[in-house]
Amino acid sequence: MITSAGALAAMIPRTSVEARATRPRPTSAQLAWQRDELAIFLHFGVNTFTDREWGDGTEDPAIFAPAKLDARQWARTARSAGFRAMILTAKHHDGFCLWPSRTTTHSVARSPWRGGHGDVVREFVDACRAEGLRPGLYLSPWDRNNPAYGDSPRYNDLYCDQLTELLKNYGRLAEVWFDGANGEGPNGRRQDYDWPRVWTLVRRLQPDAVMFSDAGPDVRWCGNEKGVAGDPNWSSVDPAAVTAPGASGPGVTRALLHGDPAGSVWRPAEADTSIRPGWFYHPAEDGRVRTGDQLFDLYMSSVGRNSKLLLNVPPTRDGLLHDADVASLNGFHDLRRSLLAADLASGARITWQTDWRAAEIDLGRSAVASIARLEEDITHGQVVAAFSLLGSDGGPWRVLSRGTTIGYARIARFEPSTVRRVRLVIDDAVAPAVKISVRLYAG
Ligand code: FUL
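What follows is the structure in structure tokens.
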């Protein structure tokens, strides 16, 4: 059976079609989220000025004075490095709001920035839209400033009021980010959150946004802050495994990292990490910015493992992305462009074996390959559990790479090998694969 290059179509028996039909699959919002591949995270607020990672809520709003704040510089940098979305900390654990919220005086309205008339969230969403990026917002549930925190019904009302301001007044959002960290508030009490209420509110006011948290409901945390997705990494999960943000335990970490091939719900993993050791900007870390090469490794361990990379790049006290960070992002972009330049398999002849579990690609010439990008058509769900990629230059077949899940993308790196023919073998699948695209790069 010969098909066109890039898309390997398999005929599948009826029972399998039914098995496949019951598998979870993404909504259009989840698909758009995954196709972004790369998003920038922006941790910015009073911590930027106090040199801390977690503020305690007693900060004076007057310290917030980013003299050169330029959200367009953030967005331009992101776009030219190939990122497609950005997420801003509208409020971190210190409770300081980057927009003039009616719910609190602990906000930019009490700062000298723009004479107290500024709105960082507004400038952020405007900049995203001007540069064609999809905006998202982080609203910390934990609030170490608000006196209502820990008085559960009262704070839940207030939290929903803050969310309503963000969801109603800033246009369409692509993602709403709920952090799992939470401790005591100013009165020493812990908060009992009303997650079902929060999720219903977001769904009603921003039906096209995905909601991120440990427990989704749309996108799950990958279980670590290293930017490393699990292997295997299933986008399906058992919703009973992690039911609320901040849950912990070995079973939880496993569920976040790996998902579950038998899971009934589509909830892909987002891999968040920072370009620097901290989430907020600290001058002492200017020499510790990840290099373009290190960012490429992160890309491989996130996008290359069926996840999405949410890379934090914190604005400085001036309100700009630092030159060192911008240089690394550009280096990362150039590296992706050079390593993944030309698809060696483009236009090649592809032959499926009669059992539909293996495909052979004839490049028609010998070429050196060291990277392969495989993709399932996830609009139909995710099914591949194990694969092998073999290569031959006329002699015996050699294993180039073996792996577990594919999903949206699996990017495999292997020893540079001269190949004329490449064979993809699906060693294990939970239902037959329908379409797997194969790209090969010299690297
Ligand atoms: C954590 C927070 O405590 C960190 O400050 C940061 O926001 C990170 C993304 O999530 O839970």
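Residue numbers for the sequence shown follow the working numbering, beginning at 1200 and rising by one.
Ideal placement from N, C-alpha and C gives every residue a C-beta, glycine not left out.
Small disclaimer: the values here were computed from a predicted structure and weren't measured.
1) Which word fits residue 1212, buried or exposed, when buried means at least 16 other C-beta atoms lie within 10 angstroms of its C-beta?
2) What I want to know is whether the C-beta of residue 1558 ends up closer than 7 angstroms to one or more non-hydrogen atoms of the ligand FUL.
3) I'd like the list of long-range same chain contacts for residue 1364, defined as Cβ closer than 8 angstroms, with 5 residues on each side in sequence excluded.
4) In the structure shown, what three-state DSSP assignment does residue 1421 receive?
5) Can you pull the DSSP bridge partners for residue 1511?
6) Is residue 1559 closer than 8 angstroms to residue 1506 when the C-beta atoms are compared?
7) Would you kindly work out how many angstroms separate the C-alpha atoms of residue 1636 and residue 1600, rounded to a whole number?
8) Any heavy atom of the ligand FUL closer than 7 angstroms to the beta-carbon of residue 1426?
9) Can you find a heavy atom of the ligand FUL that lies under 7 angstroms from the Cβ of residue 1642?
10) Tell whether a beta-carbon distance below 8 angstroms holds between residue 1451 and residue 1441.
11) Using a Cβ distance threshold of 8 angstroms, determine whether the stretch 1581-1600 contacts the stretch 1515-1530, with at least three qualifying pairs required.
12) Give the DSSP-derived three-state secondary structure of residue 1295 in the structure shown.
13) For the beta strand (DSSP E) containing residue 1186, list its first residue and its last residue.
14) So, helix, strand or coil for residue 1433, using DSSP?
15) Does the beta-carbon of residue 1473 have 16 or more other beta-carbons within 10 angstroms, so that it is buried, or is it exposed?
16) With DSSP as the reference, label residue 1570 as helix, strand or coil.
17) Do you know offhand how far residue 1210's Cα is from residue 1605's?
18) With a threshold of 16 other CB atoms inside 10 Å of the CB of residue 1290, please say whether the residue is buried or exposed.
19) Using DSSP with H/G/I as helix, E/B as strand and the rest coil, what is residue 1334?
20) What residues does the ligand FUL have around it, judged by CB closer than 5 angstroms to any heavy atom, in chain order?
21) Pick out the complete beta strand (DSSP E) segments inside the stretch 1305-1375, 3 residues or longer, and give them in chain order.
22) By DSSP, does residue 1398 sit in helix, in strand, or in coil?
23) Give the straight-line distance between the Cα atoms of residue 1498 and residue 1381, rounded to the nearest whole angstrom.
24) Within the continuous beta strand (DSSP E) that includes residue 1551, where are the two ends?
25) Measuring CB atoms only, is the stretch 1418-1428 touching the stretch 1382-1399, in the sense that at least three cross pairs come out at less than 8 angstroms?
26) Compute the distance between the beta-carbons of residue 1568 and residue 1640, then report whether it is under 8 angstroms.
27) Less than 8 angstroms between the C-beta atoms of residue 1602 and residue 1611, yes or no?
28) What are the partner residues of residue 1627, as DSSP defines its beta bridges?
29) Have a look at 1328, 1327, 1296, 1333 and flag the residue whose alpha-carbon is nearest the alpha-carbon of residue 1315.
30) Is residue 1591 helix, strand or coil when you go by DSSP?
31) As a quick exercise: from 1570, 1571, 1549, pick the residue whose alpha carbon is nearest that of residue 1561.
32) Please look up how many angstroms separate the CB atoms of residue 1372 and residue 1338, rounded, as I've assumed it's under 8 angstroms.
33) Go through its chain and collect everything with a Cβ distance to residue 1503's Cβ below 7 angstroms, but skip five positions before and after it.
34) Rounded to whole angstroms, what's the CA-CA distance from residue 1246 to residue 1414? Just pull it up for me.
35) Considering residue 1598, what are the terminal residues of the beta strand (DSSP E) in which it resides?
Quick look at the numbers:
1) Confidence in residue 1212 is poor, its pLDDT being 46 and thus under 50, which makes the residue's placement too unreliable to answer from.
2) no
3) 1298, 1300, 1301, 1302
4) coil
5) 1240, 1473
6) no
7) 16 angstroms
8) no
9) no
10) yes
11) no
12) coil
13) Because residue 1186 is not part of the residues shown, which for the chain are 1200 to 1642, the question remains open.
14) coil
15) buried
16) strand
17) Confidence is the limiting factor: at residue 1210 the pLDDT is only 40, short of 50, which leaves the residue's position unreliable, though a coordinate-based value still follows. About 19 angstroms.
18) buried
19) strand
20) 1378, 1380, 1478
21) 1333-1338
22) helix
23) 29 angstroms
24) 1548-1551
25) no
26) yes
27) yes
28) 1585
29) 1296
30) strand
31) 1549
32) At roughly 11 angstroms, the Cβ-Cβ gap does not stay under 8 angstroms, so residue 1372 and residue 1338 are not in contact.
33) 1608, 1609, 1610
34) 27 angstroms
35) 1597-1602
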